[in-house]
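Going by our numbering, the final residue of the sequence shown carries number 266, and the count climbs one at a time with no gaps. Here the structure is laid out as structure tokens; the discussion comes afterwards.
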Amino acid sequence: MELKQDVVIGNIQETVNREIHNILIKNRQYMLYHHTPLYERYLLQYVKEGNKDKLLDHLSKIPDGQAGTLSKDPLRNYKNLFICGATLVSRAAIEGGLNSELAFTISDSYIQQVEELKKVDEVAYLYYQLICDFTDRVHNIRKKNYSGIVLECCNYIFKHLYEDISVSQLSKVVRVNPNYLSSLFKREVGISISRYIQKERVEEAKKLLTLTDQSILDISVSLNFNDQSYFTKVFKEFVGMTPKQYRAEIRKY
């Protein structure tokens, strides 16, 4: 079995090597070169910085070369390039401070959407939207100017919203004293850790009320509120209406 696999892999490697030489010969003859790494590096740097102005200026320039060929079918080729681009851009956004779980989910969602498109220009426009989306999200995070400790707390809360979260637990995650963490968080974010957790859970509840048919009781339990009446009270403080009123309002449209 292993011998057969070795033969198959060997044949593939031989085909790949032959194709590499053929492509290089053609590209050199007709001066068809990939764009320089510098073009890509600048693009990813602007995403990482959340610098929308420089990004748009960069995108308006004609690249000094062409994109790679990942498929002989033009539409499939652009979709494959889109997937590669989404992977790189999402990593740049994570380096810029975007929550990794959120970044990967955004990337996955865009990739699923691109597979539904039927035209090359639609794929190109969606890629433009993806880059701008990630850059805007990084910009919104960076303008808050949170310290690494607070940002790590926010990211932990984002990932563990359906679990019990305490200041003591968070202090162990970020490796600082609980009192210091509480003080630092309040100073930078403007509200206490517990209030921030409530706010994030209410935002999640709004999505559940909008996108699912889960009962209000089930939502309150899953998001770790003590009981439904307390959940309703907190929800109204942030939203200005009860969960029931909110669901009824959004379903009018």
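We put the beta carbon where it would ideally sit given N, CA and C, even for glycine.
Burial state of residue i, where buried means 16 or more other Cβ atoms lie within 10 Å
i: Thr-148; result: buried
i: Met-44; result: Reliability of the predicted coordinates at Met-44 is poor, the pLDDT of 41 falling under 50, and no value is obtained from them.
i: Ala-137; result: exposed
i: Ala-116; result: buried
i: Ser-122; result: exposed
i: Ala-261; result: exposed
i: Tyr-46; result: At Tyr-46, the pLDDT of 42 sits below 50, so the modelled position is not reliable; the number obtained from the coordinates is stated separately. Exposed, because fewer than 16 other Cβ atoms sit within 10 Å of the Cβ of Tyr-46.
i: Arg-41; result: Its pLDDT being 44, under 50, Arg-41 is placed unreliably in this model, and the value from its coordinates should be taken loosely. That one is exposed.
i: Ser-84; result: exposed
i: Lys-61; result: buried
i: Glu-141; result: Checking the sequence shown, residue 141 turns out to be Tyr, not Glu. By the neighbour-count rule (16 or more Cβ atoms within 10 Å), Tyr-141 is not buried but exposed.
DSSP state of residue i mapped onto helix, strand, coil
i: Asn-40; result: Note on Asn-40: pLDDT 49, under 50, position unreliable in the model; the coordinate value appears next. Here Asn-40 sits in helix by DSSP.
i: Phe-117; result: helix
i: Lys-61; result: helix
i: Thr-148; result: helix
i: Tyr-175; result: coil
i: Phe-238; result: coil
i: Ile-229; result: helix
i: Glu-129; result: coil
i: Arg-104; result: helix
i: Arg-264; result: coil
i: Gly-253; result: coil
i: Gly-98; result: helix
i: Leu-111; result: coil
i: Tyr-159; result: coil
i: Lys-268; result: Residue 268 lies beyond the stretch modelled for the chain, which goes from 14 to 266, so this question has no answer here.
i: Ser-122; result: helix
i: Asp-86; result: coil
i: Ile-75; result: coil
Rounded C-alpha distance that separates residue i from residue j
i: Ile-263; j: Ile-210; result: 24 Å
i: Gln-126; j: Val-163; result: 33 Å
i: Val-186; j: Glu-165; result: 8 Å
i: Gly-161; j: Arg-188; result: 12 Å
i: His-71; j: Leu-183; result: 40 Å
i: Gly-253; j: Val-247; result: 10 Å
i: Phe-95; j: Leu-111; result: 20 Å
i: Phe-244; j: Val-180; result: 20 Å
i: Val-151; j: Glu-27; result: 43 Å
i: Phe-198; j: Asn-158; result: 12 Å
i: Lys-219; j: Tyr-259; result: 8 Å
i: Ile-178; j: Ile-170; result: 8 Å
i: Thr-100; j: Lys-265; result: 38 Å
i: Lys-65; j: Ile-144; result: 9 Å
i: Ser-242; j: Glu-176; result: 19 Å
i: Ile-107; j: Cys-167; result: 14 Å
i: Lys-74; j: Ile-154; result: 27 Å
i: Leu-56; j: Ser-228; result: 45 Å
i: Arg-208; j: Ser-233; result: 16 Å
i: Leu-88; j: Glu-135; result: 10 Å
i: Glu-53; j: Glu-129; result: 26 Å
i: Asn-93; j: Asp-226; result: 36 Å
Supposed contact pair residue j and residue i - C-beta distance, whole angstroms, cut 8 Å
i: Ile-206; j: Ser-195; result: 6 Å
i: Tyr-91; j: Val-133; result: 5 Å
i: Gly-256; j: Leu-224; result: According to the sequence shown, residue 256 is Pro rather than Gly. That belief does not hold up - the Cβ atoms of Pro-256 and Leu-224 are roughly 14 Å apart, past 8 Å.
i: Ile-119; j: Asp-146; result: 7 Å
i: Phe-251; j: Val-215; result: 5 Å
i: Gly-109; j: Gly-63; result: 6 Å
i: Tyr-59; j: Leu-51; result: Going by Cβ atoms, the distance from Tyr-59 to Leu-51 rounds to 13 Å, so no, they are not a contact pair.
i: Glu-217; j: Leu-230; result: Not really, about 16 Å apart at Cβ, beyond 8 Å.
i: Lys-172; j: Glu-114; result: 5 Å
Proximity test, Cβ basis, 8 Å: residue i and chain B
i: Ile-119; result: Here chain B cannot be found, since the structure has a single protein chain.
Item checked: Every unbroken beta strand (DSSP E) within the segment 166-213, with a cutoff of 3 residues, ordered by chain -> Entirely contained in the segment 166-213, not one beta strand (DSSP E) run reaches 3 residues.
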